[in-house]
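Take a look at the structure below.
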Ligand SMILES: Cc1ncc(COP(=O)(O)O)c(C=O)c1O
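Right under this line is the structure:
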């Protein structure tokens, strides 16, 4: 058996996550699980809201006819109509059920739309630092990644983006609230983006963290502002149901190519092997589409971590959303600093894994008690580096 060269190379490039996983196993053996503080996981540490679990029980108990069989590849028409109603209210874009394709999470939505629009060598802009899976999703479909740096507050840099657009640019992936930085993009920058996005390019607005914001911040509706934006939505984080693989793709009816794009995406959803999004979970999210986990516990952990790190001398701004903190590492070599943290039993992902060296990503999904017990290690780590200067 031989593994494709492309996959072998991609696995090598994605090795940060794998390496952290392996280091985690090793550290747990050496120090005992209770002395390892894992800040690497992007998996919600809370249970789904009770209303979601109640809706699940109800849907299963009802035994609706044909609830477990194949369906139209875009999903149950009633579910899509329900989702479209909420989306139209939120965005003031007149979505109908025809404009919504149920997908296997945001990952399924992004792959589906990229498969539908990319020819080999077409370019997709991502904003650095970015969710590393984007590179693989783009390469899955023959596309070429064009990474454009964000500004010093991790906001999109419009003039850099404008310079990166070429006749081969088919899409830009936007992610606000952002993984890994926690930045939320303002309406002004979205309006500027709207001004530079021209056919055939579209914006893919990847929004799994939209409901997870802090201090009352309400992210502006990308679809209300950017005319050529499609929405990749997921309930993975909002409802803490990442394993259930449920989300959707919404294509605004005002796009000139809306009809053909809808058909292409429905077909792509099928031939990528997803066939259709999980049936039972379509009914569940349609019953309680706006249910969200308790965000206050993430905010409390954000405050605890950012305040403590700042007091120790780290540059650790408070993120406005998602559940990640993205502090600077005290030394420019983030990988070296990650090793210093490992010696304290702390697992973090280096910023290099997201395309931005000199930073690290810390996930707030860590249990609070572990976070509290990790702080002494963070303090020793920075002091050890200061002592070397
Ligand atoms: C920015 C971003 N986009 C997409 C995804 C994929 O989410 P889903 O579980 O909905 O496929 C993730 C998951 O971590 C993410 O962080």
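Residue numbers (this note's numbering): 1 to 389. From the three backbone atoms N, C-alpha and C, an ideal C-beta is built for every residue, glycine too. Predicted model only: the values in this text are computed from it and were never measured.
Nearest by alpha-carbon distance to residue i: which of the options is it?
| i | options | result |
| --- | --- | --- |
| residue 102 | 202, 265 and 37 | 265 |
| residue 142 | 168, 164 and 127 | 168 |
| residue 60 | 77, 284 and 140 | 284 |
| residue 261 | 6, 201, 280 and 287 | 201 |
| residue 131 | 173, 336 and 112 | 173 |
| residue 139 | 124, 149 and 148 | 124 |
| residue 117 | 33, 89 and 230 | 230 |
| residue 89 | 224, 70, 107 and 270 | 224 |
| residue 69 | 286, 382 and 278 | 278 |
| residue 341 | 17, 155, 42 and 27 | 27 |
| residue 74 | 58, 112, 51 and 42 | 112 |
| residue 287 | 91, 38, 57 and 34 | 57 |
| residue 210 | 160, 145, 291 and 147 | 291 |
| residue 249 | 22, 205 and 147 | 205 |
| residue 64 | 314, 280 and 270 | 280 |
To the nearest whole angstrom, what separates the beta carbons of residue i and residue j, a pair I think is in contact under 8 Å?
| i | j | result |
| --- | --- | --- |
| residue 40 | residue 363 | 6 Å |
| residue 180 | residue 354 | 5 Å |
| residue 328 | residue 358 | 6 Å |
| residue 98 | residue 170 | Between residue 170 and residue 98 the Cβ distance is about 23 Å, and since that is not below 8 Å, they are no contact. |
| residue 189 | residue 158 | 7 Å |
| residue 371 | residue 115 | Actually they are not in contact, since the Cβ atoms of residue 371 and residue 115 sit about 39 Å apart, beyond 8 Å. |
| residue 83 | residue 208 | Incorrect: roughly 15 Å between the Cβ atoms, too far for contact. |
| residue 338 | residue 350 | 5 Å |
Short of 6 Å in beta carbon distance, which residues of its chain neighbour residue i, apart from the five on each side in sequence? Order them along the chain.
| i | result |
| --- | --- |
| residue 258 | 251 |
| residue 184 | 176, 177, 217, 219, 320 and 321 |
| residue 196 | 162 |
| residue 134 | 126 and 173 |
| residue 247 | 103, 105, 106, 109, 233 and 234 |
| residue 361 | 180, 324, 326 and 349 |
| residue 91 | 221, 223 and 224 |
| residue 77 | 97 |
Suppose the cutoff is 7 Å on Cβ atoms and the five residues either side in sequence are ignored; what does the same chain contact list for residue i look like?
| i | result |
| --- | --- |
| residue 298 | 212, 323 and 364 |
| residue 375 | 308 |
| residue 240 | 44, 46, 47, 48 and 293 |
| residue 227 | 194 and 254 |
| residue 452 | Here the chain covers residues 1 to 389 and nothing more, so residue 452 does not appear. |
| residue 20 | 40, 347 and 349 |
| residue 94 | 88 and 253 |
| residue 156 | 127, 150, 185, 189 and 193 |
| residue 310 | 316 |
Using the rule of at least 16 other Cβ atoms within 10 Å of the residue's Cβ for burial, across every protein chain shown, is residue i buried or exposed?
| i | result |
| --- | --- |
| residue 347 | buried |
| residue 29 | exposed |
| residue 301 | buried |
| residue 237 | buried |
| residue 275 | exposed |
| residue 25 | exposed |
| residue 198 | exposed |
| residue 263 | exposed |
| residue 386 | exposed |
| residue 80 | buried |
| residue 244 | buried |
| residue 11 | exposed |
| residue 316 | buried |
| residue 332 | exposed |
| residue 72 | exposed |
| residue 129 | buried |
| residue 388 | exposed |
Give every residue of the same chain whose Cβ lies closer than 8 Å to the Cβ of residue i, excluding the five residues on either side of it in the sequence, and list them in chain order.
| i | result |
| --- | --- |
| residue 1 | none |
| residue 137 | 107, 110, 111 and 114 |
| residue 444 | Outside the modelled stretch of the chain, which goes from 1 to 389, sits residue 444, for which no answer is possible. |
| residue 16 | 132, 349, 350, 352 and 353 |
Practice problem: Could you name each continuous alpha helix (DSSP H) segment of 4 residues or more that falls completely within the stretch 147 to 184, going from the start of the chain to the end? | Solution: 158 to 164
Quiz item: In chain order, which beta strand (DSSP E) runs of at least 3 residues are fully inside the stretch 179 to 224?
Solution: 202 to 206
Practice problem: Could you name each continuous beta strand (DSSP E) segment of 3 residues or more that falls completely within the stretch 215 to 296, going from the start of the chain to the end? | Solution: 229 to 234 and 247 to 250
Practice problem: Jot down the residue ranges of each uninterrupted alpha helix (DSSP H) in the stretch 84 to 159, minimum 4 residues, whole runs only, in chain order. | Solution: 105 to 117 and 133 to 140
Practice problem: Note down, one range per segment and in chain order, each alpha helix (DSSP H) of at least 4 residues found wholly within the stretch 1 to 42. | Solution: 5 to 13 and 15 to 31
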